[in-house]
Amino acid sequence: MNRATRIAVIVAMAIAVLAPIGLVVYQSFLDGPFFQPKISFTLSAYEFVLDDEDFFDALYNSAIIALGMTAIAVPVGALLAFLMTRTDLPGRRWIEPVILVPMFVSSVVLAFGFVVSLGPAGFVTLWFKSTFGFVPWYLYSKWTLIVIAGLTHVPHVFLYTSSALRSLGSDVEEAARMTGAGPLRTALTVSLPMVMPNILYAAVLVFFLGFELFGLPLVLGDPEGILVLATYLYKLTNKLGTPSYQLMAVVVVAIICIALPLVALQRFLLRAANRYVSVKGKAAAQKPVSIGVWRWPAAAMITAWLLFTVVVPLSGLVLRAFVSSWGEGVNLFDVLTLAHFRELMEFPNLTRGIVNTLLIASVGGALSVGVYTMLNLAAHRWPSGWTRLMDYLVLLPRAMPGLVAGLAIFWVFLFTPFLAPLRQTMIAIWVAYTLVWLAYGMRLVSGALLQIGPELEEAGRIVGASPGRVSRDLTIPLIKVGLFSSWLLIFVTFMREYSTGVYLLAPGTEVIGSLLVSLWGTGAVDLVTALSTVNIAMIGGGLLLMSLFGKRSHG
Amino acid sequence: MAKLIIDDLHLSYGSTDILKGITATFAQGEIVALLGRSGSGKTTLLRSIAGLEEPKKGVISIGDQPVFDAAAGLNVPSEKRGLGLVFQSYALWPHKTVFENVAYGLRLRNVPKAELQQRVAAVLEGVGLGHLGERYPHQMSGGQQQRVALARALVYNPPVILLDEPLSNLDAKLREEARIWIRTLIKRMNLTAVFVTHDQVEAMAIADRIVLLDGGRIVQAGTPEQLYTEPVSLFASEFMGVNNLMKSRVQDKRGGYARIELSGHPLWGKDRAGKGVSEEATGVIRLEQVEVVDGEGENRVPAELETSVYLGSHWEHVFRCGDQTLRAFGRPLSAGTHWLHLPPEQLWVF
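Line by line, the protein sequences give chains A and B. For the first sequence, the numbering used here gives the first residue as 1, with consecutive numbering after it. For the second sequence, the numbering used here gives the first residue as 1, with consecutive numbering after it.
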């Protein structure tokens, strides 16, 4: 790419990132929706929201939940990572892929699973009651929400900690063992401090995700009226009867104001986390540490966690999709049915939603990876003020939860005359998805780009290729495999996305995720569980593809 | 005829000056080594010639054509300079076969297919890899990869070929063969070549001329013999060989020679730096110039044999003379005191 193209790409990205945020900030200072003819600037929307007890309730709940789930997810995730990467735990090989499942299933689907399994009339609840005569839990309390949120975010901590532990050469541990430290002491005084920056990073990430939580509190908090920031925003839609755009804009501004410092902190910590990467020793052969009889309680703990966060909700959900009725005294084998799936097919919007989801994930995902690649190439090996600007711009969409970004994009399409006809098409959805996952996608592609040494491209220049030819003939072919695996990850990510499409939901733009959210509001549990099952199956397909590809590219 | 001219080249990264005014001329058909320690600026100079670094001042011309001129705002991009560069890591493209790696430069020049086939085959033949065109780089040994990198740089007949530490990734045995092989190839094709190295033996073996760099400046330029036998500074003399160093003061001067002292024994040596009487000075003598002799005499010192190391073709002896250590090559010696002769014409006083 030449300089002019690079700058053009970066400017285009700046517009795409800044326009939605600018519009939201603009809207927050108006006294009515921005498209009304007579509007004026005012602070009344801020006054209203800051006067609303519900807002502070939601803010308080968000903070408590974020803190609580961090306190649960970090120790469990770190311990899990250590057990999986460093010890001779039995069954590590088959546990490993299952651990990441909660990351790939959309949290709204997981929440439905908890309701149908552990809710007051859930499968497990009823079975427990009929066996023991009482039920010691209540699903819809704030504390249950914290525990569920914490346990479902364990994979995030696991992922960052285990990759750090893996990149740590076992020579540093062996050196500690040689100087006389036992396995436990080595873990606590050498391994743990060395991966501490990564754990800290994961902690801030989980805390941040806690503030963004939408699916879990929407489903699990609603019955008792527990609001968090995102669900408060969602409920606000109809607070004043008319669409109260200015109030929503104020809440969005509040969410971004909280999220932005957290994002900046993550960026700072990520740099610190990479500090030890350069001093790693030979990461080749890692010898697992023997933990003796402790293997069995450790394995039991992991099994219990998997049972609670993956097996119980997902199997309950799938089971619920295949039965016509259930309750005390009903034999489940007598009520098995495909009726819910048949019903699903009778709603054109639902079938359209399934097709749209497949399209957005496959075609849309590929286009998004194309966009992320363009952006990365624009900044590739070009140390300048422009690329630094780009670094900061990427952070902005990170600070917008899917729900918020979807809303902002919806407004942009409403506001901009030449975009308006596209508002009710999948293009609007694609733009929103691409923006929401911008930082994630950029990192996937840049990870691939970092693998190629600068001299491979310099060699191209020397033998006579222009910068454009170097990108086309050398850089892109070299990262082909990385781009394909990025696409697979984006495919699964788009497949599970549920919150971004909520405000963009219209005839023609249905996707499974946003349909699930709106169907849950109507109480159509049969359809919700059937559609969730379809979604799980699609994600499962994607993951299967990923593991097949992973095996092939390694072998 | 001058093929490559560099005039007063300056380059800095931020506030760090890397090149501080390099001026050099490279003649057609000449092999020149840029020799220096890491951080001396030798690789940066090579990359500046290639167009991969942008100096802030100076002129670089290839043939008669300037390719970089800071004052005129001229900076021809790498791909338009038409040079060949062999990277230290070889930088072979892993997704292309050996044939395609070599052919890429010709494809970019729109060479017709038949001619391309023939030219790639010829250059691969020239580097002794005629039969391996269909392999991928990872299927080859380090030595073979290096030959591919060289073939890739040679195939489009560049006016100047640049080599960045071409032998550093080969093991010791292979390196000795490659020195001779590379020199023969470049000479046979009558190419102008500039290569970077930190190894003075390698520089002397391959190059017609050596440019010794230190701290972004040229210390000395000349034939390998000139650099070895007539170093202009203490740094140059230390860099080029294995030496005995003697710290002292100038005692006396006479007819181009200066007298220093080694533990009280007078020693005459060539006055190379023009130091005045009673100024601090350093005496330098190559190990192979120190002779073990039978008795005392002019420019001889007594020394206690401390230890001897057997090196196969000869022995290296370590002597002690007062608080100074002297080393010399020779035949096996018995323990005790020996007389060492340091010929005045081989002893340099800086």
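Note that CB positions come from ideal geometry on N, CA and C, so glycine has one too. Since we're looking at a predicted model, the values are computed, not measured.
- Distance between A:Y245 and A:V49, taken at the CA atoms: about 12 Å.
- The beta carbon of A:G541 does not come within 8 Å of any beta carbon belonging to chain B, so the residue lies off that interface.
- Secondary-structure assignment with DSSP links B:F195 through a beta bridge to B:A33 and B:L163.
- The continuous stretches of alpha helix (DSSP H) do not include A:S384, and DSSP gives it neither H nor E.
- For the C-beta of A:I256, not a single chain B residue is nearer than 9 Å; the gap to the nearest is close to 35 Å.
- In the DSSP secondary-structure assignment, B:M246 is bridged to B:G283.
- Restricting attention to A:I39, A:P417 and A:W305, the CA atom closest to the CA of A:H153 is found in A:W305.
- Between the stretch 193 to 206 of chain A and the stretch 265 to 273 of chain A, the count of Cβ pairs shorter than 8 Å is three or higher; the stretches touch.
- Annotated as proximal: B:K3 and B:P159, with beta-carbon spacing under 8 Å.
- Residue environment: B:H131 is assigned as exposed (fewer than 16 neighbouring CB atoms within 10 Å of its CB, all protein chains considered).
- Rounded to the nearest angstrom, the gap between the Cα atoms of A:W326 and A:A300 is 31 Å.
- Counting along the chain, no alpha helix (DSSP H) covers B:T337; the unbroken beta strand (DSSP E) around it starts and ends at T337 to H341.
- When 8 Å is used as the limit between beta carbons, B:Y104 is near these residues of chain A: G460, V463, A465 and D473, in chain order.
- Interface flag for B:S78 against chain A is set, since a Cβ pair is found closer than 8 Å.
- A distance below 8 Å separates the beta carbons of A:A66 and A:G210.
- Per DSSP, the beta-bridge partners of B:R217 are B:D214.
- Shown here, B:K96 sits in coil according to DSSP, grouped into three states, outside any helix or strand.
- Cβ-Cβ distances below 6 Å link B:I5 to T25 and S61 in the same chain, with the five nearest sequence neighbours on each side left out; the list follows chain order.
- For B:R135, the nearest beta carbon of chain A is not closer than 8 Å to its own beta carbon.
- Counting along the chain, A:I409 sits inside the alpha helix (DSSP H) bounded by residues G402 to F415.
- Every unbroken stretch of the alpha helix (DSSP H) spanning 4 or more residues and falling wholly within the stretch 497 to 548 of chain A is given here in chain order: 512 to 522.
- Taking 8 Å as the upper bound for CB-CB distance, A:L233 and A:V251 are in contact here, some 5 Å apart.
- DSSP, reduced to helix, strand and coil, places B:K113 within a helical segment of the structure shown.
- For B:W268, the uninterrupted beta strand (DSSP E) run begins and ends at H265 to D271, by DSSP.
- At a cut-off of 8 Å between C-beta atoms, B:G143 does not count as an interface residue with respect to chain A.
- Residue contact with chain B for A:P383: absent (no Cβ-Cβ distance below 8 Å to any residue of chain B).
- Within the same chain, and ignoring the five residues on either side of A:A259 in sequence, the residues whose Cβ sits closer than 6 Å to its Cβ are A399.
- Rounded to the nearest angstrom, the gap between the Cα atoms of A:A408 and A:F55 is 20 Å.
- Put simply, the CB of B:G256 is far from chain A, with every gap to its CB atoms at 8 Å or more.
- Contact with chain B is absent for A:L192, since none of that chain's Cβ atoms lies less than 8 Å from the residue's Cβ.
- With a cutoff of 8 Å on beta-carbon distance, A:Y433 and A:F347 are scored as not near each other.
- B:E202 counts as buried, since at least 16 other C-beta atoms from the protein chains shown sit within 10 angstroms of its C-beta.
- B:S38 sits exposed, since fewer than 16 C-beta atoms from the chains shown fall within 10 Å of its C-beta.
- Under the DSSP assignment, B:T25 falls in the beta strand (DSSP E) whose first and last residues are T16 to A27.
- In this structure, A:G113 and A:L314 form a Cβ contact; the two beta carbons are roughly 5 Å apart against a cut-off of 8 Å.
- According to the DSSP assignment, B:G84 belongs to the beta strand (DSSP E) that extends over G84 to V86.
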